[in-house]
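To start, the structure under review is shown below, and the notes come after it.
Numbering (my numbering), first residue to last: 725 to 1002.
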């Protein structure tokens, strides 16, 4: 894994779009928004003297470039193959990164990627024990709407939290990239230990999912539909698409025995265990 920094998330998105459209066949191309970048860095294990000096040098370079350190975005790109092939692909990617104003910071920060991936469940359990509600929502959209869906979803979440008078945080990363578009993976947490915290969760989940629909996104990318997401399926694939799926299910499962209501919304509560219809 090679790590890069960009001035902001939008610059990272544009670089990832160009990387997957180039001759480079990278294993993965991922970029975190500013808040997730801060989360990753804050949870990094304490580095040694050399690591600290390198971090200070990188920070100095960012300051020289007049970057707002609150807006920087960290990216990870994975390479595989022979040494010559990896060297060639790193050269292609490095050129694209520089074209978008980014900087390479080597392989060291790649450890942060693994650390975040495997430490997050422990942090989640710690938060749940202290009254915080946390979850994720992911979607995919054409490249032309990638920045828009991120900006508007984050804004919609915070607007809802302000309306409810609840503190919350949301951050995002681009997780899967294709020639036509990309998946963005949002994580949100809410500080609400009241007896109404499921209602608060409901409101947060709804506003995030609806923002996906309002900004050219899909109901999901790889987590699937299920009870939580089924109320938005008609907005995703159209009422006609839902009608066709319903008829298909009726044909192969006339007794409605095979896990009903997990793709086509059946009118039962569909967002969380206590929700009303969407």
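Ideal placement from N, C-alpha and C gives every residue a C-beta, glycine not left out. From a predicted model like this one, the values you see are computed outputs, not experimental measurements.
Hey, could you find the ends of the alpha helix (DSSP H) residue 987 is sitting in?
Position 263 of the chain shown holds residue 987. Taken as a continuous stretch (DSSP letters only), residue 987 belongs to no alpha helix (DSSP H), as it is neither H nor E.
Assuming contact is defined by CB atoms lying nearer than 8 Å, are residue 859 and residue 763 in contact in what I supplied?
Here the question's residue 859 lines up with position 135 in the chain shown. Here the question's residue 763 lines up with position 39 in the chain shown. No, Cβ-Cβ distance for residue 859 and residue 763 is not below 8 Å.
Report buried or exposed for residue 788, applying the criterion of at least 16 other Cβ atoms within 10 angstroms of its Cβ.
The residue you call residue 788 lines up with position 64 of the chain shown. Classification of residue 788: exposed, given that the 10 Å Cβ count is below 16.
Can you check DSSP and say which residues form a bridge with residue 951?
On the chain shown, position 227 is the one that residue 951 refers to. DSSP lists no partner for residue 951.
Evaluate residue 751 with the Cβ neighbour count: other Cβ atoms within 10 Å of its Cβ, from every protein chain shown; 16 or more gives buried, anything less gives exposed.
Translated into positions along the chain shown, residue 751 becomes position 27. Answer is exposed; the Cβ neighbour count stays below 16.
The beta strand (DSSP E) spanning residue 909 covers which residue range?
Numbered from 1 along the chain shown, position 185 holds the residue referred to as residue 909. 905-915 is the span of the beta strand (DSSP E), which, as asked, contains residue 909.
Please check the pair residue 899 and residue 909, which I expect to be a contact at CB under 8 Å, by giving their CB distance rounded to whole angstroms.
Numbered from its first residue, the chain shown carries residue 899 at position 175. Numbered from its first residue, the chain shown carries residue 909 at position 185. Rounded, the Cβ-Cβ distance is 5 Å, consistent with contact.
Can you tell me the Cβ-Cβ gap for residue 826 and residue 733, rounded? I've got them flagged as a contact below 8 Å.
Position 102 of the chain shown, counted from the first residue, corresponds to residue 826. Position 9 of the chain shown, counted from the first residue, corresponds to residue 733. Actually they do not touch by this definition, with Cβ atoms about 12 Å apart.
Quick one: which unbroken beta strand (DSSP E) runs of 3-plus residues sit fully inside the segment 924-951? Chain order, please.
none
Between the segment 813-823 and the segment 873-891, do at least 3 Cβ pairs fall closer than 8 Å?
no
Could you compute how far the alpha carbon of residue 832 sits from the alpha carbon of residue 851?
As a position in the chain shown, residue 832 is number 108, starting the count at 1. As a position in the chain shown, residue 851 is number 127, starting the count at 1. When rounded, the distance between both Cα atoms is 28 Å.
N- and C-terminal bounds of the beta strand (DSSP E) containing residue 898:
Residue 898 sits at position 174 when you count from the first residue of the chain shown. Per DSSP, residue 898 belongs to the beta strand (DSSP E) from 891-901.
If you draw a straight line from the alpha carbon of residue 986 to that of residue 945, how long is it in whole angstroms?
Sequence index remark: in the chain shown, residue 986 carries index 262 (1-based). Sequence index remark: in the chain shown, residue 945 carries index 221 (1-based). So the alpha carbons of these two residues sit roughly 16 Å apart.
Quick one: using the 10 Å Cβ neighbour count with 16 as the cut-off for buried, is residue 753 buried or exposed?
Taking the first residue of the chain shown as position 1, residue 753 is located at position 29. Under this definition residue 753 is a buried residue.
Can you tell me whether residue 766 is buried or exposed? The criterion is at least 16 other CB atoms within 10 Å of its CB, across all chains shown.
Residue mapping note: residue 766 aligns to position 42 of the chain shown, counting from 1. Burial call: exposed.
Under 8 Å between the Cβ atoms of residue 929 and residue 951?
Here residue 929 corresponds to residue number 205 of the chain shown, with the count starting at 1. Here residue 951 corresponds to residue number 227 of the chain shown, with the count starting at 1. Cβ distance not < 8 Å, so residue 929 and residue 951 don't count as in contact.
Residue 853 - DSSP class collapsed to helix/strand/coil
As a first step, residue 853 must be located in the chain shown, where it is residue number 129. Residue 853 falls in the coil class under three-state DSSP.
May I have a chain-ordered list of the alpha helix (DSSP H) segments no shorter than 4 residues that lie completely inside the segment 725-781?
733-745 and 758-766
Could you pull the start and end residues of the beta strand (DSSP E) that residue 828 belongs to?
Position 104 of the chain shown, counted from the start, is the residue given in the question as residue 828. Residue 828 -> beta strand (DSSP E) spans 827-830.
Assuming residue 755 contacts residue 799 under a Cβ cut-off of 8 Å, what Cβ separation, rounded to an integer in Å, is found between them?
Here residue 755 refers to the residue found at position 31 of the chain shown. Here residue 799 refers to the residue found at position 75 of the chain shown. Confirmed, about 4 Å.
Cβ distance (whole Å) where residue 931 is taken to contact residue 880 below 8 Å
One-based indexing of the chain shown puts residue 931 at position 207. One-based indexing of the chain shown puts residue 880 at position 156. Contact holds; Cβ gap of about 5 Å.
Apart from the five residues just before and just after residue 731, which ones in its own chain have a Cβ nearer than 6 Å to its Cβ?
Sequence index remark: in the chain shown, residue 731 carries index 7 (1-based). Correct list, in chain order: 791 and 825.
Going by DSSP, name the residue or residues bridged to residue 859.
For the purposes of this step, residue 859 is taken as the residue at position 135 of the chain shown. Its beta-bridge partners are 912.
Exposure label - residue 905; buried when at least 16 CB within 10 Å
Locating residue 905 in the chain shown gives position 181, where the first residue counts as 1. With 16 or more other Cβ atoms within 10 Å, it is buried.
Is DSSP giving residue 803 helix, strand or coil here?
Counted from its first residue, the chain shown places residue 803 at position 79. Residue 803 falls in the coil class under three-state DSSP.
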